[in-house]
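Numbering (mature numbering (1 follows the signal peptide of the UniProt record, and there is no 0)), first residue to last: -16 to -1, 1 to 185. The beta carbon of each residue, even a glycine, is placed where N, CA and C say it ideally should be. Please read the structure below before turning to the comments.
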Amino acid sequence: MKKFILVILGFSLCFACGNETNKSDTALQQEDKASTTTASKAIPKPTDAARKLANTTPLNEDVLVDLFPETLLDMNRTTAGKGTLRARNASGANAIYHGPDKKSMSIAITDCAGVDGAKLYKRYSKYKTKKEDTENSTSTTTYFSKNGMEGKVIFIKSLNQHTLDLLYQDRLVMTIGATHIELNKIWEAIEVLPLSELLNQ
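Laid out in structure tokens, this is it:
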């Protein structure tokens, strides 16, 4: 009889411990869910920004073309025109510069406003989440977030060539290709363009 009572007590203790463990697990899951919900509310969703941009009037392409000065750093503008290859029907402009010592730079700007531009924004908003930089024998890929810009730089060592893909102030997508130009000079070139003044009008 004693043995039977001990067995019953053992089962009761195991059952009670199991219930407490389940309760603890449930409580932790609820806390995790609550903290995740709070965090997600604090961070604006790309879809919300894209929806707002879809209802925003795009910048005029003539205005975008006028952003490109005739000279940039020590290079002369050789071409400038409307349009973009990044998003069909989105408003955009592009320019190419050439300088001494085989220097060259191409700049393409696309406005993420309007229905078509907003689709492009969804793709580029991924740069808001910083990834790990990589390097191999031929190239380096560096991710950055600075001065209202998020994006990446790919450097091809053998060509001495930088390619930048970036989102500017949550509105403009820029693609820049530069050959025989140091990265710090590329940042200077971006600062020369009156992008911030244009968006704050």
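Original post:
Of all the alpha helix (DSSP H) runs that stay within the bounds of the region 42 to 124, which reach a length of 4 or more residues?
Top reply: Assignment of alpha helix (DSSP H) within the region 42 to 124, counting only whole runs of 4 or more residues, yields 45 to 49, 98 to 108 in chain order.
**OP:** In angstroms with no decimal places, state the Cα-to-Cα distance between GLN185 and THR122.
**Re:** Taking the sequence shown and counting its residues from 1, one reaches residue 185 at position 201. Taking the sequence shown and counting its residues from 1, one reaches residue 122 at position 138. The straight-line gap from Cα to Cα measures roughly 43 Å.
Original post:
Ordered along the chain, which non-local residues of its own chain (more than five positions away) have a Cβ less than 7 Å from that of GLY132?
Top reply: The residue you call residue 132 lines up with position 148 of the sequence shown. Contacts found: TYR152, GLN153.
Original post:
By the 10 Å Cβ neighbour count, where 16 or more other Cβ atoms means buried, how is SER180 classified, buried or exposed?
Top reply: To locate residue 180, count along the sequence shown from 1; it is residue 196. With fewer than 16 other Cβ atoms within 10 Å, it is exposed.
Original post:
Nearest to ALA34 by CA position, among ALA97, ALA77, MET89, ASN73, is which residue?
Top reply: Counted from its first residue, the sequence shown places residue 34 at position 50. Looking at the Cα atoms, ALA97 is the closest of the given residues.
Subject >> Contact check, LYS86 vs HIS164, beta carbons under 7 Å >> reply: For the purposes of this step, residue 86 is identified with residue 102 of the sequence shown, where counting begins at 1. For the purposes of this step, residue 164 is identified with residue 180 of the sequence shown, where counting begins at 1. Yes.
Original post:
How would you label THR20, buried or exposed, when you count the other beta carbons within 10 angstroms and need 16 or more for buried?
Top reply: Stepping through the sequence shown from its first residue, residue 20 is reached at position 36. Confidence at THR20 is low in this model, with a pLDDT of 41, below 50, so the placement of that residue should be treated as unreliable; the coordinate-derived value is given next. So THR20 ends up on the exposed side.
**OP:** Quick one: residues in its chain with C-beta nearer than 6 Å to the C-beta of ASN73, no 5 flanking neighbours on either side, listed in chain order?
**Re:** The residue labelled residue 73 in the question sits at position 89 within the sequence shown. Taking ASN73 as the centre and dropping the five residues before and after it, the same chain places the C-beta of ASP100 closer than 6 Å to its C-beta, in chain order.
Subject >> Environment of LEU43 [buried if 16+ CB atoms lie within 10 Å] >> reply: The residue you call residue 43 lines up with position 59 of the sequence shown. Buried, since its Cβ has 16 or more Cβ neighbours within 10 Å.
**OP:** Would you mind giving the Cβ-Cβ distance between ASP95 and SER75, rounded to the nearest angstrom? I have them listed as a contact below 8 Å.
**Re:** Translated into positions along the sequence shown, residue 95 becomes position 111. Translated into positions along the sequence shown, residue 75 becomes position 91. Right, their Cβ atoms sit about 4 Å apart.
Original post:
Just how far apart, CA to CA, sit GLY83 and ASN60?
Top reply: Against the sequence shown, residue 83 aligns to sequence position 99. Against the sequence shown, residue 60 aligns to sequence position 76. Distance between GLY83 and ASN60, taken at the CA atoms: about 6 Å.
Original post:
Apart from the five residues just before and just after TYR81, which ones in its own chain have a Cβ nearer than 7 Å to its Cβ?
Top reply: Position 97 of the sequence shown, counted from the first residue, corresponds to residue 81. Here the set comprises LEU56, MET59, ASN60, ARG61, THR62, SER88, MET89.
Original post:
Under three-state DSSP, which class holds GLN13?
Top reply: The residue labelled residue 13 in the question sits at position 29 within the sequence shown. The predicted position of GLN13 is uncertain, since its pLDDT is 48 and thus under 50; a value taken from the coordinates is nonetheless stated next. Of the three classes helix, strand and coil, the one that applies to GLN13 here is helix, per DSSP.
Original post:
Between which two residues does the alpha helix (DSSP H) harbouring ILE160 extend?
Top reply: To locate residue 160, count along the sequence shown from 1; it is residue 176. Premise fails: ILE160 lies in the beta strand (DSSP E), 156 to 163, not in any alpha helix (DSSP H).
Subject >> Residues of its chain near THR124, where Cβ-Cβ distance is below 6 Å and the 5 sequence neighbours each way are ignored >> reply: To locate residue 124, count along the sequence shown from 1; it is residue 140. Within its own chain, the residues whose Cβ lies closer than 6 Å to the Cβ of THR124, once the five positions on either side in sequence are excluded, are PHE139, listed in chain order.
Subject >> When ASP149, LYS66, THR31, GLY65 are compared against SER129, the one with the closest alpha-carbon >> reply: Here residue 129 refers to the residue found at position 145 when the sequence shown is read from its first residue. Nearest to SER129 by alpha-carbon distance, out of ASP149, LYS66, THR31, GLY65, is ASP149.
Original post:
Is it true that the CB of GLY135 sits closer than 7 Å to the CB of TYR105?
Top reply: As a first step, residue 105 is located in the sequence shown; it is residue number 121 there, counting from the start. As a first step, residue 135 is located in the sequence shown; it is residue number 151 there, counting from the start. No, they are not a contact pair.
Original post:
With DSSP run on the structure shown, which of helix, strand or coil describes LYS136?
Top reply: Your numbering for residue 136 matches position 152 in the sequence shown. Of the three classes helix, strand and coil, the one that applies to LYS136 here is strand, per DSSP.
Original post:
What three-state label does DSSP hand SER142 in the structure shown?
Top reply: Working through the sequence shown from its first residue, we reach residue 142 at position 158. In the displayed model, SER142 falls within coil according to three-state DSSP, outside both helix and strand.
Subject >> Inter-residue spacing [alpha-carbon to alpha-carbon] between ILE91 and ALA102 >> reply: On the sequence shown, position 107 is the one that residue 91 refers to. On the sequence shown, position 118 is the one that residue 102 refers to. Straight-line Cα distance between these residues: approximately 20 Å.
**OP:** Report the three-state DSSP secondary structure of LEU150 (helix, strand or coil).
**Re:** Taking the first residue of the sequence shown as 1, we reach residue 150 at position 166. Note: LEU150 maps to strand in three-state DSSP.
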